[in-house]
Amino acid sequence: MRRVRSSYAAQRGSSRTYMGKVNPAGLADDLETSAVNYEDFFENAAVGLHVVDGDGLIVHANSAELSLLGYEPGDYIGHEIAG
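7 is the number of the first residue of the sequence shown in my numbering; add one for each residue after it.
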């Protein structure tokens with residue numbers, strides 16, 4: 007049995023318990039699928055999305071955000087989100 011607690015679940019004081027054997031190969035496949043789904047969602051979202059690192063620098067932005075703001079990736083990525 008393995009208890010998994012996400013940061014969101016920790017804030018709510020809850021967790022989920024998963025029972026059964028863990029298949030490392032299956033986890034790798036699940037992780038790959040999750041990464042592909044995230045990238046697809048992020049890039050094809052109809053709204054502007056960006057990712058900011060701990061220093062407040064934009065590290066990734068989708069095409070909707072770049073188009074909305076009128077930036078090319080090189081003019082936007084790597085700059086401070088507020089500055």
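Virtual Cβ for every residue (Gly too), placed ideally from N, Cα, C.
Cβ-based neighbour list, His56, same chain, cut-off 6 Å, excluding 5 preceding and 5 following | On the sequence shown, position 50 is the one that residue 56 refers to. Result list for His56: Ile64, Ala67 and Glu71, in chain order.
Compute the Euclidean distance between the alpha carbons of Tyr82 and Leu74, then round it to the nearest angstrom.
-> The residue you call residue 82 lines up with position 76 of the sequence shown. The residue you call residue 74 lines up with position 68 of the sequence shown. Each residue's Cα considered, the two are about 12 Å apart.
Taking C-beta to C-beta, are Pro34 and Gly62 nearer than 8 Å?
-> Looking up residue 34 in the sequence shown gives position 28. Looking up residue 62 in the sequence shown gives position 56. The sequence shown places Ala at residue 34, not Pro. Not closer than 8 Å, so no.
Distance between beta carbons of Glu45 and Ser69, contact taken as under 8 Å = On the sequence shown, residue 69 is found 63 positions in, with the first residue counted as 1. On the sequence shown, residue 45 is found 39 positions in, with the first residue counted as 1. That pair is no contact at about 12 Å.
Give the straight-line distance between the Cα atoms of Val58 and Leu37, rounded to the nearest whole angstrom.
-> Counting from one through the sequence shown, the residue named residue 58 turns up at place 52. Counting from one through the sequence shown, the residue named residue 37 turns up at place 31. Their backbone Cα atoms lie some 22 Å apart in a straight line.
Of the residues Thr39, Glu86, Gly54 and Ser40, the one placed nearest Gly76, counting alpha carbons only = The sequence position of residue 76 within the sequence shown is 70, counting from 1. Comparing Cα positions, the closest option is Gly54.
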